[in-house]
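Numbering (this note's numbering), first residue to last: 1 to 401.
We put the beta carbon where it would ideally sit given N, CA and C, even for glycine.
Quantities reported herein were computed from a predicted structural model and do not represent experimental measurements.
Below: one structure, written as structure tokens.
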Ligand SMILES: [Zn+2]
Ligand SMILES: [Zn+2]
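In structure tokens, the structure reads:
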């Protein structure tokens, strides 16, 4: 091939390249949308869903590991380190670019109420689950010399045909009062269906007067009194009705004063017996798990117990031991009761997406975290985690205490 032929070929190939470029420019002008799409696609390819989720999961496991360390005092409820601007950019990109895995599929109306239902069911779990620990013994002696009572008292074993008018008639001699029982404003307006009622007096001195009129069970010592009141209805004469008052100072017991109470080392105790006061609860939990700083009994607006309480530990090990125990049987000469222990829940953001409120808590050690609805479903769509059950704060307790 001569030099001239080569030069001609080079010129032709140059012209051909220029022509090709012009054709491309004609076909694909610099349309900003096209370029955004292209760059978005490339970003998506650079950061696919799995690596992000996997790295987040790894972080979770690391945090869980640190949580299980008894020496570690860091709260699992503090915002995790992934809240940094860099990772929030990633998650924002996820919201607009590619869908969060399964959000659309899993957030079906069918699932919408199942978390709440499961959480409600869990509150009655003590009835069907075996206790892992049993405590038996005498409750600590009461030392209330001049107690201040709640204006509300419990009456157990009332005549089956007693009516509101009958109750008011019987007890108004001690002072003005109202009467409450389950279903009074609904299904059971006439008679208390379960044989018990609450009396709510206007003044505390009415409670003292009523107790004064009661007979004391001679088999119980002074510090664990049982009060009985003889009452009659149309069909029953002189029935012994048990009166259970509540001493207001029994709602709180501090074992270690002047120490900060850490919500992340606090357990919620449900299905409590009405005769268990805070001091007894603290003493039982301390015998079983050690390190109890504080115990509190949840009460309603009349400062009367509602059947749940809280216990705060001074170390992570005792806290986790209590959470793992889950169900504890308490045996005293007066009663036997299986109580239920769960982590004490606070208002928290979802600890996975960090964007939504996280009202659902998974108490399983593999999770131990607050979730929003989407993240709960996403996390528990994995087969091995599908048996996890959610906890929610009890709205009723929060409002009334
Ligand atoms: Zn979330
Ligand atoms: Zn879980």
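Secondary structure of residue i, DSSP reduced to three states
i	result
residue 381	coil
residue 282	helix
residue 263	helix
residue 202	coil
residue 375	helix
residue 323	helix
residue 158	coil
residue 336	strand
residue 226	coil
residue 258	coil
residue 211	helix
residue 180	strand
residue 295	strand
residue 121	helix
residue 329	strand
residue 242	strand
Option nearest residue i by Cα separation, candidates the options
i	options	result
residue 274	138, 125 and 153	153
residue 309	300, 317 and 377	300
residue 211	173, 341, 263 and 350	173
residue 135	205, 352 and 327	327
residue 307	205, 278, 179 and 324	278
residue 365	325, 373 and 337	325
residue 247	255, 267, 261 and 207	207
residue 199	226, 337, 166 and 333	166
residue 142	225, 391 and 163	225
residue 180	170, 155, 161 and 169	155
residue 245	205, 283 and 125	205
residue 131	334, 348, 288 and 350	288
Nearest-angstrom Cα separation, counted from residue j out to residue i
i	j	result
residue 119	residue 359	11 Å
residue 330	residue 203	34 Å
residue 239	residue 191	16 Å
residue 182	residue 231	20 Å
residue 337	residue 276	10 Å
residue 368	residue 304	32 Å
Cβ shell of residue i (< 6 Å), same chain only, five flanking positions each side left out
i	result
residue 236	159
residue 293	255, 256, 259, 312 and 314
residue 148	248
residue 215	228
residue 252	278 and 296
residue 291	313, 314, 315 and 318
Contact set for residue i: own chain, Cβ-Cβ below 7 Å, skip 5 residues either direction
i	result
residue 283	140
| message | Does the segment 335 to 352 come into contact with the segment 262 to 269, if we say contact requires no fewer than three beta-carbon pairs (one atom in each stretch) closer than 8 Å? | response | yes
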